[in-house]
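Remarks on the structure that follows.
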Amino acid sequence: MVHDEPPSDGDSGKKPGGDGVSGTKPTEPSNLPDPDVAVLYRRIDPSSPYYLGSNDNPDNVISAIKLTGSNYEEWSRSLRLSLWGWRKFGFVDGTLMKPTNPDFVVDWDAVQSTLVQWIMNTIDPTQKKSIPYFEEAKPLWICYNDDTL
Numbered sequence: 001m002v003h004d005e006p007p008s009d010g011d012s013g014k015k016p017g018g019d020g021v022s023g024t025k026p027t028e029p030s031n032l033p034d035p036d037v038a039v040l041y042r043r044i045d046p047s048s049p050y051y052l053g054s055n056d057n058p059d060n061v062i063s064a065i066k067l068t069g070s071n072y073e074e075w076s077r078s079l080r081l082s083l084w085g086w087r088k089f090g091f092v093d094g095t096l097m098k099p100t101n102p103d104f105v106v107d108w109d110a111v112q113s114t115l116v117q118w119i120m121n122t123i124d125p126t127q128k129k130s131i132p133y134f135e136e137a138k139p140l141w142i143c144y145n146d147d148t149l
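Each residue of the sequence shown is one higher than the last, beginning at 1 in the UniProt record's numbering.
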């Protein structure tokens, strides 16, 4: 399993030790009173799996195929393709693990909450009723596999 931090602007993630943000420390805008708040304002490289652009909002529907219970293969294939295209499938299959650096946990959490919502947006409302609450995408993905439907 991969346990990387997000790659920086100048680092496409191919070199070890990339941190996923501009420079090695978070940008600290001068108008922020608390330096710890600056962590929220780091600039993440668009090639990083931690990147969420202005169009990547939780209300997006990433697949026209809704999981109905009998179409798992078609639904999961469509979601995998979409998530690979957004460089996010590593969060779902577990190859991209939660960062150990607390400064990057906020990025992890932002992506996780977005992914959970994206997946939920592709599940038929009748199926959603039986879904337990998840804060991360991997357990939600595991919840829906061929054996559970």
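The beta-carbon is built from N, C-alpha and C at its ideal position, and this holds for glycine as well. Just so you know, these numbers come straight off a predicted model, no measurement behind them.
| query | result |
| --- | --- |
| Helix, strand or coil at leucine 81 [DSSP, three-state] | helix |
| One or two residues paired with isoleucine 142 in a DSSP bridge | Paired residue(s): none; isoleucine 142 is not in a bridge. |
| Member of Phe104, Tyr144, Val92 and Leu81 whose CA lies at the smallest distance from the CA of glutamate 136 | Val92 |
| Isoleucine 65, DSSP secondary structure in three states | coil |
| Spatial neighbours of asparagine 121 in its chain, beta-carbon cut-off 6 angstroms, leaving aside the 5 residues before and after | Val61 |
| Endpoints, alpha helix (DSSP H) assigned at threonine 122 | Premise fails: threonine 122 is in no alpha helix (DSSP H) and is neither H nor E. |
| Serine 113 versus leucine 67 - alpha carbon distance | 19 angstroms |
| Where leucine 52 falls: helix, strand or coil (DSSP) | coil |
| Supposed contact pair lysine 88 and proline 46 - C-beta distance, whole angstroms, cut 8 angstroms | Contact flag wrong, Cβ pair sits at about 13 angstroms. |
| Where proline 102 falls, given that 16 or more other Cβ within 10 Å makes a residue buried | exposed |
| Residue burial classification, tryptophan 84 (beta-carbon count within 10 angstroms, cutoff 16) | exposed |
| Closest Cα partner of glutamine 117 within the set Arg42, Asp59, Gly53 and Pro139 | Asp59 |
| Short CB-CB distance (under 9 angstroms) between serine 54 and chain C | This model lacks chain C altogether; it includes just one protein chain. |
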